[in-house]
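Q: One structure, as structure tokens, below. Some questions next.
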Amino acid sequence: MLETLSIRNIVLVEKLDIDFGKGLCVLTGETGAGKSILLDALGLALGNRADFSLIRTNTIKGTVSATFNISNNQEARDILQKNDIDAEDSVNLRRILTIDGKSKAYCNDIPVSVSYLKKVGDRIAELQSQRSENDLFSINTQMKLLDKYAQNLAIKNDLKDIFTEKTSLYSNLNRLEKNLYDLNINENFKTESINEIEEFNTYIGEEQKLVQERSVMKNLDKIQSILNEAILLVNGSDGINSKISKLDRIMTRSFDEFKGKIDESFLYQIEKFSIEGNELEQTFINILDSISSNSNNLEEIEDRLFSLRALARKHNCKCDDLINVKDNFSMQISNQEGIKKEILNLKKKIDVCEENYINVSNQLSKKRKNAAKQLEIEIAKEFEPLKLENTFFKVTIKDKDSSDWNYEGRDHVTFEVSTNKGIPFLPLSQIASGGEMSRIMLALQVILKRKNISKAIIFDEVDSGIGGSTADAVGDRLSKLSKNFQVIAITHSPQVAAKGSYHLKIEKKTSNNFTFTNIKEVSDAERQEEIARMLSGKKITVEARAAAANLLDVNSNEY
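Numbering (the working numbering), first residue to last: 1265 to 1823.
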């Protein structure tokens, strides 16, 4: 139940504090007085989308605070406790909008997200306006109302979980099948590539070795000349070996003369020089012979290098990475079997999931059809006191095409009406007038509220498009509805206004070139005067006052 509403700097309201009580609260006022401000402000506190144009001109922020009694609303208390917000008997919802485009939300003075504020708000109050009536034209809204009536929340959650799992399984299956398709498309290419790389018999570092060998081959004459010169320096007539040999002969002949002066190992050292000189000469000769014997291999080296690089280009890699390419292709081909097994397992899971979906969706459909029959009976009972005795209501449930099945199930739900006997049933959007829509919505709310009396409900001009005895009937239904829970009704109808447990009047005043909207609870005399105004217009007549007094007297006797 809404207990208090405080508004600061919202549109024409500078400062306003309103106390609400049990029963039926009616709000009236002249057109343009600002009745919509109350709904806009309350909507902000309940978590509706921020509209920064609501901030009062020449102010920096607007604030709305609403306190609700939730002592009999376990659902609201549960969601608050899950977020460690202490709320035994009451909860305060507060919203602040600033001119710099910021929106802040609080729940019992604890900062929360706007989405969380709305989640709480949806569980403690319900706003019914002409927009709500338009929403009733929506197929989705009609299904939600039927499910709400049938109390299908638990089974719908089960179906949603199954559908979510099924969607995920199909997504994984599509991904794996695409991977397998890609592997199959390129399987021949990969197999041929593996064989080609293996037959080419390359190795890491081959490109560098071939480049070096090609460089040597291209400079062969110069290298041969250098090697020949080196051989002459070692073994020519004036080379190292010749001089070492001459040194050896001299020292051998003269050794006796140097006896005692040099060690005999000196001769061995000369002999060692001679051996190393011969070995050095042989090394140069071997290199020269090797180069000379390979002098015809330059073309082979260049062909090999060209082929190696072409193979690397084919696979968009470096020459040294060809071995990795071959190994990756081999691994991918071997993975195909693993993917096939995964696909098989996924299809088995999908079969189980599909079966579960069909079973649960069938159960949900059955519950909806049973609930639809009962709803039609209850609506018919509500129509008569609302002066809709010649209007007939029907819920049509058809199977969707299987491609359209979703987490809501397989049903297509349509609310249909016939406005007179013999008139065919047509969808609600094609038949109902504004006055009929208001009463149909009221009838639905009455029925739904029997299953959930913990919410306050606020009606905006539920009497739109009606008058006389029909408006009186709507007022009666609102009054009876308020016996079980709080009802707040913004009304233009004097018949509805006279039914209220208490009466708030919305006024617009101008002071010092500023316009203000104010809301106050009226006294008995003020209430009679306000209803007289509603009956007669700007000029209140004696007859209007008498009629207002009669309306109030009749209703006080009835209740």
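Don't be surprised by glycine CBs; every beta carbon is placed ideally from N, CA and C.
What you are looking at is a predicted structure, and each value in this text was computed from that prediction instead of being measured.
1) Which term fits T1660, buried or exposed, when burial requires 16 or more other beta carbons within 10 angstroms of its beta carbon?
2) Pull up the DSSP beta-bridge partners for K1368, would you.
3) Say whether the region 1627–1637 touches the region 1668–1685, bearing in mind that this needs 3 or more beta-carbon pairs closer than 8 Å, one atom from each stretch.
4) Considering K1685, what are the terminal residues of the beta strand (DSSP E) in which it resides?
5) Can you tell me whether S1702 is buried or exposed? The criterion is at least 16 other CB atoms within 10 Å of its CB, across all chains shown.
6) If we count Cβ pairs, one from each stretch, closer than 8 Å, do we get three or more for the region 1748–1758 versus the region 1785–1805?
7) Taking one C-beta from the region 1609–1629 and one from the region 1464–1474 each time, how about it: are there three or more such pairs within less than 8 Å?
8) Closest to N1499 by C-alpha separation, out of K1412, R1478, L1511, E1545, would be which residue?
9) Return the bridge partner residues of D1724 from the DSSP annotation.
10) List the endpoints of the continuous alpha helix (DSSP H) containing G1602.
11) Assuming Y1230 is part of the beta strand (DSSP E), what are its boundary residues?
12) Whole-angstrom Cβ separation of N1337 and E1267, contact assumed at under 8 Å?
13) How would you call E1543, buried or exposed, if buried means at least 16 neighbouring beta carbons within 10 angstroms?
14) Here's the rule: buried if 16 or more other CB atoms are within 10 angstroms of the residue's CB, otherwise exposed. What is R1513?
15) Which residue from E1601, I1711, L1474, T1734 puts its Cα closest to that of E1700?
16) What is the C-beta distance between K1713 and F1749, in whole angstroms, given that I count them as a contact (C-beta under 8 Å)?
17) Would you report the Cα separation of L1302 and I1614, rounded to the nearest angstrom?
18) Return yes when the Cβ of K1604 is within less than 7 Å of the Cβ of A1414, no when it is not.
19) In the structure shown, what three-state DSSP assignment does N1782 receive?
20) Do you know whose CA, among G1731, K1325, I1551, Q1709, lies nearest K1744's CA?
21) Could you tell me the boundaries of the alpha helix (DSSP H) in which K1286 lies?
22) Using the Cβ count rule (16 or more neighbours within 10 Å means buried), how would you classify I1539?
23) Under 8 Å, with one C-beta from each stretch per pair, do the region 1379–1386 and the region 1306–1316 reach the 3-pair mark?
24) Using only alpha-carbon positions, find the residue among I1271, L1276, S1270 that is nearest to N1777.
25) Going by DSSP, what residues sit across from E1656 in a beta bridge?
26) Relative to the alpha-carbon of K1719, which residue among K1685, S1728, I1752 has its alpha-carbon at the smallest distance?
27) Thinking just about the alpha-carbon of each residue, which of L1562, I1551, K1507 is nearest to the one in E1535?
28) With burial defined as no fewer than 16 other Cβ atoms inside 10 Å of the residue's Cβ, what is the status of S1746: buried or exposed?
29) Give me whichever residues DSSP pairs with N1670 in a beta bridge.
30) Could you compute how far the alpha carbon of A1369 sits from the alpha carbon of P1375?
31) Roughly how many angstroms separate the alpha carbons of F1647 and K1366, rounded to a whole number?
32) Let me know if K1662 comes out buried or exposed under the rule of 16 or more other beta-carbons within 10 Å of its beta-carbon.
33) Going by alpha carbons, who is nearest to D1364 out of G1326, L1816, E1441, Q1345?
34) Candidates I1343, L1610, L1280: which alpha carbon is nearest V1328's?
35) The beta strand (DSSP E) with E1390 in it runs from where to where?
36) Could you round the C-beta distance between Q1392 and V1738 to whole angstroms and report it? I think they count as a contact, below 8 Å.
A: According to the structure data:
1) By the Cβ-count criterion, T1660 is exposed, with fewer than 16 other Cβ atoms from all chains shown falling within 10 Å of its own Cβ.
2) Answer is I1360.
3) Contact between the region 1627–1637 and the region 1668–1685 is present: three or more C-beta pairs spanning the two stretches fall below 8 Å.
4) Counting along the chain, K1685 falls outside any beta strand (DSSP E), and DSSP gives it neither H nor E.
5) S1702 sits buried, since 16 or more C-beta atoms from the chains shown fall within 10 Å of its C-beta.
6) Enough Cβ pairs lie closer than 8 Å, so yes.
7) Touching, no.
8) Closest by alpha carbon: E1545.
9) Paired residue(s): I1754.
10) 1586–1647 is the extent of the alpha helix (DSSP H) around G1602.
11) In the structure as shown, the chain starts at 1265 and stops at 1823, and residue 1230 therefore has no counterpart that could be examined.
12) Taking the Cβ atoms as the reference, N1337 lies roughly 13 Å from E1267, outside the contact range of under 8 Å.
13) Burial call: exposed.
14) With fewer than 16 other Cβ atoms within 10 Å, it is exposed.
15) Among E1601, I1711, L1474, T1734, the Cα nearest to that of E1700 is on T1734.
16) Taking a contact as a CB-CB distance under 8 Å, the pair K1713 and F1749 counts as one, their CB atoms being some 7 Å apart.
17) Whole-angstrom Cα-Cα distance: 52 Å.
18) With contacts defined by Cβ atoms closer than 7 Å, A1414 and K1604 do not form a contacting pair.
19) Three-state result, N1782: strand.
20) The residue with the shortest Cα to Cα distance from K1744 is Q1709.
21) No alpha helix (DSSP H) contains K1286, which DSSP labels as neither H nor E.
22) Label assigned to I1539: exposed.
23) Yes, since at least three Cβ pairs between the region 1379–1386 and the region 1306–1316 fall closer than 8 Å, the two stretches touch.
24) Of the candidates I1271, L1276, S1270, the one whose C-alpha sits nearest the C-alpha of N1777 is L1276.
25) Checking the sequence shown, residue 1656 turns out to be Phe, not Glu. Partner residues in the beta bridge of F1656, as assigned by DSSP, are S1682.
26) It is I1752.
27) Put simply, of L1562, I1551, K1507 the residue whose alpha carbon is nearest the alpha carbon of E1535 is K1507.
28) By the 10 Å Cβ count, S1746 comes out buried.
29) In the DSSP secondary-structure assignment, N1670 is bridged to G1673.
30) Their Cα atoms are separated by approximately 6 Å.
31) Taking the straight line from one Cα to the other gives about 46 Å.
32) By the neighbour-count rule (16 or more Cβ atoms within 10 Å), K1662 is not buried but exposed.
33) The option with the nearest alpha carbon to D1364 is G1326.
34) Looking at the Cα atoms, L1280 is the closest of the given residues.
35) Taken as a continuous stretch (DSSP letters only), the beta strand (DSSP E) holding E1390 covers 1389–1392.
36) Contact between Q1392 and V1738 fails: their C-beta atoms lie close to 13 Å from each other, not under 8 Å.
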